[in-house]
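Enquirer: Chains as they are written, first to last, in this note's numbering: chain A, 1 to 213; chain B, 214 to 513. The structure's right below; bear with me while I get my questions together.
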Amino acid sequence: MLVLSGIAIIALGFLLRFNPMLVIAASALVTGLAAGIDPLAILAAFGKAFNDTRYVTAIYIVLPVIGLLERNGLQARARALVAGLKGLTLGRLLIAYLGFRQVTAALGLTSVAGHAQTVRPLIAPMAEAAAGEAHDPEKVKALAAATDNIGLFFGEDIFIAIGSILLMKGVLEGYGIFVEPLQMSVWAIPTAIAAFVVHGGRLWWLDRRGRRA
Amino acid sequence: MIGLNLVYGVAGLVFLAFAGLSAVERRWANTGFYALIATSFVAGDWLGDIGNGVLVLALVGIAASGRMRRRVDSAAPVERSAMVFVPALVIPAMALIGTFVFKQFPTVFDPKQATLVALTVGVLLALALCYAWLRPAPAEPFRAGRALMDDIGWAAVLPQMLASLGAVFALAGVGEVVGGLVGVAIPSGSVLGAVLAFGLGMALFTMVMGNAFAAFPVMAAAVGIPLLVKTYGADPAPVAAIGMLAGFCGTLMTPMAANFNLVPAALLELKDANGVIRAQVPTALPLLAFNIILLWWIVA
Numbered sequence: 001m002l003v004l005s006g007i008a009i010i011a012l013g014f015l016l017r018f019n020p021m022l023v024i025a026a027s028a029l030v031t032g033l034a035a036g037i038d039p040l041a042i043l044a045a046f047g048k049a050f051n052d053t054r055y056v057t058a059i060y061i062v063l064p065v066i067g068l069l070e071r072n073g074l075q076a077r078a079r080a081l082v083a084g085l086k087g088l089t090l091g092r093l094l095i096a097y098l099g100f101r102q103v104t105a106a107l108g109l110t111s112v113a114g115h116a117q118t119v120r121p122l123i124a125p126m127a128e129a130a131a132g133e134a135h136d137p138e139k140v141k142a143l144a145a146a147t148d149n150i151g152l153f154f155g156e157d158i159f160i161a162i163g164s165i166l167l168m169k170g171v172l173e174g175y176g177i178f179v180e181p182l183q184m185s186v187w188a189i190p191t192a193i194a195a196f197v198v199h200g201g202r203l204w205w206l207d208r209r210g211r212r213a
Numbered sequence: 214m215i216g217l218n219l220v221y222g223v224a225g226l227v228f229l230a231f232a233g234l235s236a237v238e239r240r241w242a243n244t245g246f247y248a249l250i251a252t253s254f255v256a257g258d259w260l261g262d263i264g265n266g267v268l269v270l271a272l273v274g275i276a277a278s279g280r281m282r283r284r285v286d287s288a289a290p291v292e293r294s295a296m297v298f299v300p301a302l303v304i305p306a307m308a309l310i311g312t313f314v315f316k317q318f319p320t321v322f323d324p325k326q327a328t329l330v331a332l333t334v335g336v337l338l339a340l341a342l343c344y345a346w347l348r349p350a351p352a353e354p355f356r357a358g359r360a361l362m363d364d365i366g367w368a369a370v371l372p373q374m375l376a377s378l379g380a381v382f383a384l385a386g387v388g389e390v391v392g393g394l395v396g397v398a399i400p401s402g403s404v405l406g407a408v409l410a411f412g413l414g415m416a417l418f419t420m421v422m423g424n425a426f427a428a429f430p431v432m433a434a435a436v437g438i439p440l441l442v443k444t445y446g447a448d449p450a451p452v453a454a455i456g457m458l459a460g461f462c463g464t465l466m467t468p469m470a471a472n473f474n475l476v477p478a479a480l481l482e483l484k485d486a487n488g489v490i491r492a493q494v495p496t497a498l499p500l501l502a503f504n505i506i507l508l509w510w511i512v513a
């Protein structure tokens, strides 16, 4: 039971608004000590996993290009492009992006779009331009980021070689249960459709409300 | 073979440039933080497990000191023609094309890392295009990139921290204990109870750990395999797939999933750090309900 104190530390640390980096390190230390693991072994396990997962931080290599292009008017161009398209509303733009993100993620192309590559330089300014005066720009930008996440999460599991499918296959094999990745990926399709309907419906509703206001 | 070595080399150089530019302005906390990330990318495999652990402790120390600063400059952008889209679109286009092309040459490119390698090649290509066309000062792209990086700050390595915490949890057997507790809490013979415990457990544990990957082995061991599959005879494929998707609904609702929720809030300069989460909850909750009902229909 004592090993659960690490989970309590995470919850408490967030409630008290301590620095999350510190909270995570403290949680790892306490959990390891509670399980009777040598402090050096805890440090080694933590360091090894940190080194093995560097690929998630590699995405920031796009920032120099994006930053330079923004200084050369990328966001203003993205806004101008949307302003030139009659009939493009906030809802329609984000529904199209949701569909694009779900389909590309389902094909395994998860890094084709993302917050650094597409949302900040292109989608968010386009969404702001499409929303005009009808919506709070803060909410519009947040919704653009949310649409990217939802499209990614509920598209990628349809792809058979994605990390989560391989993880599930590995865990099940640990219990002597053998399933093909395809058997799991087809079961991601109903939720992918539901995600498109629920989130797309919210975006569509936003357009209707905006027009009335 | 070209694989993560290229990706990590480029990433190391980019973070080294961020560190150098921060040093020039005497922003020492930022300098140290970026220099440590650069070290991790370039030399991580030689540091050894303890060495990497010490590196992480140094990162935590700098982040917790509260001395890292946000961006300094906000120079007004220059107006350019629509050509400015071209380098921006080269990156996703190259990621798309490269993923397919590189997989045809498994001896040259690591097929498992095709997309990341393609993305990196796209970035290098876009950068070359920018230098040729816009003729910026050599350090200009890195100065602009560092301004964005400063906005993200320590949140950039939070996903790596959480993955590492997951490794320690696994070592300490947290999963088994949580599983035992959940198992006791379910009324015996209740299919609905087991389905609810599995779906909600995936979402809640994902919210604490910030990652559905950490929650899945725990909930599969606690409820998924022993109850849903073995006792009630459910097909393991949908149980696993839908359970994972229920976890993703949790990812949408937690600040622990920093790279999806906190980083974009910083990147988009939102006033509310939880603004992205607020925008996601109304989609995440109905979807969680959908997943639980779907699973119940399959099991029952």
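C-beta: ideal position from N, C-alpha, C; glycine also.
1. What are the boundary residues of the alpha helix (DSSP H) that includes A/L22?
2. DSSP on B/F322, reduced to helix/strand/coil?
3. Taking A/A204 as the query, report the chain B residues whose CB atoms sit under 9 Å from its CB, ordered along the chain.
4. For the alpha helix (DSSP H) that contains A/K141, what are its first and last residues?
5. Indicate whether at least one CB of chain B lies closer than 8 Å to the CB of A/T118.
6. Specify, as a first and last residue, the run of the alpha helix (DSSP H) that A/R92 falls within.
7. Once the 5 residues before and after B/V512 are set aside, which same chain residues still bring their CB inside 7 Å of it?
8. Taking the C-alpha atoms as reference points, what is the distance between B/G565 and B/V336?
9. Let me confirm a value: A/L85 is counted as buried when at least 16 other C-beta atoms fall within 10 Å, else exposed. Which label applies?
10. Closer than 8 Å between beta carbons: that is the criterion. Which residues of the segment 124 to 150 of chain A meet it against chain B?
11. DSSP state of B/I177, grouped into three classes?
12. Using a Cβ distance threshold of 8 Å, determine whether the segment 372 to 387 of chain B contacts the segment 416 to 430 of chain B, with at least three qualifying pairs required.
13. Measure how close the beta-carbons of A/A127 and A/L90 come, nearest whole angstrom, since I'm counting them as under 8 Å.
14. I need the straight-line Cα distance from A/T57 to B/A369, nearest angstrom please.
15. Measuring straight from C-alpha to C-alpha, what distance separates A/A146 and B/V489?
16. For B/P319, does the count of other Cβ atoms within 10 angstroms reach 16, so buried, or fall short, so exposed?
17. Taking a Cβ distance cut-off of 9 Å, strictly less, list which residues of the segment 78 to 104 of chain A are near chain B, in chain order.
18. Which residues in the same chain as B/P468 place their Cβ atom closer than 7 Å to its Cβ, once the five residues preceding and following it in sequence are excluded?
19. If you reduce the DSSP assignment to three classes, tell me which class B/I215 lands in.
20. Can you give me, in chain order, the residues of the segment 306 to 328 of chain B that have a beta carbon less than 7 Å from any beta carbon in chain A?
21. Rounded to whole angstroms, what is the Cα-Cα separation between A/L29 and A/L22?
22. Helix, strand or coil: which one does DSSP assign to A/G87?
23. Excluding five sequence neighbours on each side, which residues of the same chain lie with their C-beta closer than 7 Å to the C-beta of A/S185?
24. Give the interface partners of B/G264 over in chain A, defined as CB-CB distance under 8 Å, in chain order.
25. Looking only at its own chain, which residues have a Cβ that is under 6 Å from the Cβ of B/A224, when we skip the five neighbours before and after it?
26. Within the segment 419 to 453 of chain B, note down every full alpha helix (DSSP H) run reaching 4 residues or more, in order along the chain.
Expert: So, from the data block:
1. The residue you call residue 22 of chain A lines up with position 22 of the first sequence. Segment 20 to 34, the alpha helix (DSSP H) holding A/L22.
2. Residue mapping note: residue 322 of chain B aligns to position 109 of the second sequence, counting from 1. Look at B/F322 here: in three-state DSSP terms it is strand.
3. On the first sequence, position 204 is the one that residue 204 of chain A refers to. As written in the sequence, residue 204 of chain A is Trp, which differs from the Ala given in the question. Listed along chain B is no residue with a C-beta nearer than 9 Å to that of A/W204; the closest approach is about 13 Å.
4. Along the first sequence, read from residue 1 onward, the residue named residue 141 of chain A stands at position 141. Its alpha helix (DSSP H) spans residues 137 to 156.
5. The residue given as residue 118 of chain A occupies position 118 in the first sequence. For A/T118, the answer is yes, since a Cβ of chain B falls inside 8 Å of its Cβ.
6. Within the first sequence, numbered from 1, the residue matching residue 92 of chain A stands at position 92. Unbroken alpha helix (DSSP H) run through A/R92: 90 to 106.
7. For this step, residue 512 of chain B is matched to residue 299 along the second sequence. So the qualifying residues of the chain are V404, V408, L441, Y445, A447.
8. Outside the shown range of chain B (214 to 513) lies residue 565 of chain B, about which nothing can therefore be said.
9. Locating residue 85 of chain A in the first sequence gives position 85, counting from the first residue. Exposed, by the Cβ-count rule.
10. Within the segment 124 to 150 of chain A, the qualifying residues are A124, E138, K139, K141, A142, L143, A144, A145, A146, D148, N149, I150.
11. Outside the shown range of chain B, which is 214 to 513, sits residue 177 of chain B, and nothing can be said about it.
12. Yes, they touch.
13. As a position in the first sequence, residue 127 of chain A is number 127, starting the count at 1. As a position in the first sequence, residue 90 of chain A is number 90, starting the count at 1. About 6 Å separates the two Cβ atoms, so the contact holds.
14. Along the first sequence, one-based indexing puts residue 57 of chain A at 57. Along the second sequence, one-based indexing puts residue 369 of chain B at 156. A/T57 and B/A369: Cα-Cα distance of roughly 7 Å.
15. Stepping through the first sequence from its first residue, residue 146 of chain A is reached at position 146. Stepping through the second sequence from its first residue, residue 489 of chain B is reached at position 276. When rounded, the distance between both Cα atoms is 6 Å.
16. Counting from 1 along the second sequence, the entry for residue 319 of chain B is found at position 106. By the 10 Å Cβ count, B/P319 comes out exposed.
17. Only those residues of the segment 78 to 104 of chain A whose C-beta falls short of 9 Å from the nearest C-beta of chain B are listed: A78, A80, L81, T104.
18. What you label residue 468 of chain B is simply residue 255 of the second sequence in a count that begins at 1. Cβ neighbours of B/P468 beyond the five flanking positions: N474, L475, N487, I490.
19. Reading the second sequence from its first residue, position 2 is the one you call residue 215 of chain B. Strand at B/I215.
20. Within the segment 306 to 328 of chain B, the residues whose Cβ lies closer than 7 Å to some Cβ of chain A are A308, L309, T312, T328, listed in chain order.
21. The sequence position of residue 29 of chain A within the first sequence is 29, counting from 1. The sequence position of residue 22 of chain A within the first sequence is 22, counting from 1. Each residue's Cα considered, the two are about 11 Å apart.
22. If you number the first sequence from 1, residue 87 of chain A lands on position 87. Three-state result, A/G87: coil.
23. Reading the first sequence from its first residue, position 185 is the one you call residue 185 of chain A. Answer for A/S185: D157, I158, F159, I160, I165, listed in chain order.
24. Taking the first residue of the second sequence as 1, we reach residue 264 of chain B at position 51. What B/G264 touches in chain A: G47.
25. Looking up residue 224 of chain B in the second sequence gives position 11. Taking C-beta separations shorter than 6 Å and ignoring five residues to either side along the sequence, the partners of B/A224 in its chain run F254, following chain order.
26. Counting whole runs of 4 or more residues, the segment 419 to 453 of chain B contains the alpha helix (DSSP H) stretches 425 to 432.
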